[in-house]
Ligand code: MG
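In our numbering, the protein residues as written are 275 to 660.
Here is the structure:
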């Protein structure tokens with residue numbers, strides 16, 4: 275029995291993780307749950323699964339009548355769940371850079387990290403990956419850090435049994451989002467509702483906007499760099515509009531392995547929790563007879579500037595991805611609140627990146643300072659351009 279803490283259990287990944295645990299109650303036990311502020315969802319989950327350890331991140335909800343008995347409040351209460359004796363695996367499905375400390379503390383505590391919070395690696399990959407490597411070395415096998423992102427789960431599976439030295443390239447696939455084929459002129463008047471309508475994947479608001487700008491793909495390139503220790507010139511993005519191919523690995527002999535499957539996040543979530551085994555999944559299998567054609571195209575980085583900006587941040591390294599990510603979080607929130615135009619998201623990110631003096635990553639505290647600085651810069655940019 276794997277005993278799991280789901281941090282961010284009311285979000286898209288969180289509720290789907292709960293669903294995977296429901297399907298495999300003989301192998302997975304929910305030991306702890308945390309949400310940001312959705313008290314009702316937490317209370318229902320805690321009751322259904324008999325979970326005694328709960329936390330609500332939003333301090334201002336302290337004393338909320340609907341909260342489960344013994345529930346903790348505030349970010350520290352969320353972090354405390356990681357260290358509970360009956361937690362083996364932490365699913366980190368927090369949104370944004372706030373997830374970095376959860377990832378860091380999970381590995382510090384010697385627990386398995388099932389990571390849906392890609393920002394952890396984008397911002398703090400230089401700190402997180404050495405911790406994961408230490409745990410893997412101590413255990414004598416890989417598995418301390420399991421990606422939940424569909425592309426990275428796909429690459430992870432393509433690399434199983436392979437020699438890393440024989441990898442020529444990682445092909446990270448992108449659906450292209452709802453605005454594939456559009457020009458910058460077309461995108462000037464995009465509304466939040468239009469950007470929230472993703473063609474193939476059902477996800478939370480922040481990542482859906484990031485998918486539409488291709489920032490999500492940019493973050494995933496940086497994530498892949500850290501996870502698979504791969505230089506940026508060996509990580510390529512290809513648009514695959516059907517999202518049937520979740521990513522590919524090319525080897526030095528020209529062979530390419532692709533991972534295909536239905537676009538259902540419960541598959542990569544389940545793999546992260548079942549590894550090294552595979553379990554049955556109650557998802558519709560891919561029917562190749564009705565799939566039709568698979569299309570491929572190069573991404574349009576002139577229209578979707580965020581992908582180019584993220585690649586620049588990644589190749590520059592240091593604290594630049596941290597500043598970029600923080601600026602993006604502010605700009606996306608401002609866009610959703612109709613305080614920033616759609617194209618303004620990339621402009622804001624670029625302005626903050628240009629103003630940032632890049633440092634070598636040294637500590638969590640340093641990254642938190644850079645994050646706060648970049649948020650303030652981005653806020654000021656949004657105010658000046660609203
Ligand atoms: Mg993804």
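Cβ atoms here follow ideal geometry from the backbone N, Cα and C, with glycine treated the same way.
- Residue 525 sits in a strand when the DSSP states are folded into three classes.
- The continuous stretches of alpha helix (DSSP H) do not include residue 516, and DSSP gives it neither H nor E.
- Residue 659 has its alpha-carbon roughly 14 Å from the corresponding atom of residue 601.
- The distance from the Cβ of residue 623 to that of residue 596 is about 12 Å, inconsistent with a contact at the 8 Å cut-off.
- The criterion of a C-beta distance shorter than 8 Å is not satisfied by residue 523 and residue 448.
- Taking 8 Å as the cut-off, the Cβ atoms of residue 390 and residue 483 do not count as close.
- A buried status is given to residue 533, since no fewer than 16 other beta-carbon atoms sit within 10 Å of its beta-carbon.
- Taking a cut-off of 8 Å on C-beta distances, the stretch 288-306 touches the stretch 546-565, as three or more cross pairs fall below it.
- Under the three-pair Cβ rule at 8 Å, the stretch 541-552 counts as touching the stretch 413-427.
- Cα atoms of residue 515 and residue 570: separation of roughly 7 Å, rounded to the nearest angstrom.
- Boundaries of the beta strand (DSSP E) harbouring residue 366: 363-366, taken from the DSSP string.
- For residue 424, the CB falls within less than 7 Å of some heavy atom of the ligand MG.
- With distances taken between CA atoms, residue 343 lies nearest to 306 out of 430, 306, 373.
- With a 10 Å radius around the Cβ and a threshold of 16 neighbouring Cβ atoms, residue 599 comes out buried.
- Assignment of beta-bridge partners to residue 651 by DSSP yields no partner.
- If you check the CB distance, residue 365 and residue 457 do not come in under 8 Å.
- The three-state reading of DSSP puts residue 610 in helix, counting H, G and I together.
- DSSP, read as helix, strand or coil, puts residue 630 in coil.
- A Cβ-Cβ contact shorter than 8 Å links residue 605 with residue 618.
- In the assembly as shown, residue 388 is a buried residue. Its beta-carbon has 16 or more other beta-carbons within 10 Å.
- DSSP places residue 482 in no beta strand (DSSP E) but in the uninterrupted alpha helix (DSSP H) bounded by 479-487.
- For residue 491, the CB contacts under 6 Å within the same chain, skipping 5 residues up- and downstream, are 448, 511, 581 in chain order.
- Note that the stretch 562-577 does not touch the stretch 467-474; fewer than 3 beta-carbon pairs, one per stretch, sit closer than 8 Å.
- The beta carbon of residue 427 is closer than 6 Å to those of 421, 542, 545 in its chain, skipping five residues each way along the sequence.
- With respect to the 8 Å criterion, residue 304 and residue 316 are not classified as neighbours on the basis of their beta carbons.
- At least one heavy atom of the ligand MG lies less than 7 Å from the C-beta of residue 494.
- Looking at the backbone, the Cα of residue 625 and that of residue 648 are separated by about 10 Å.
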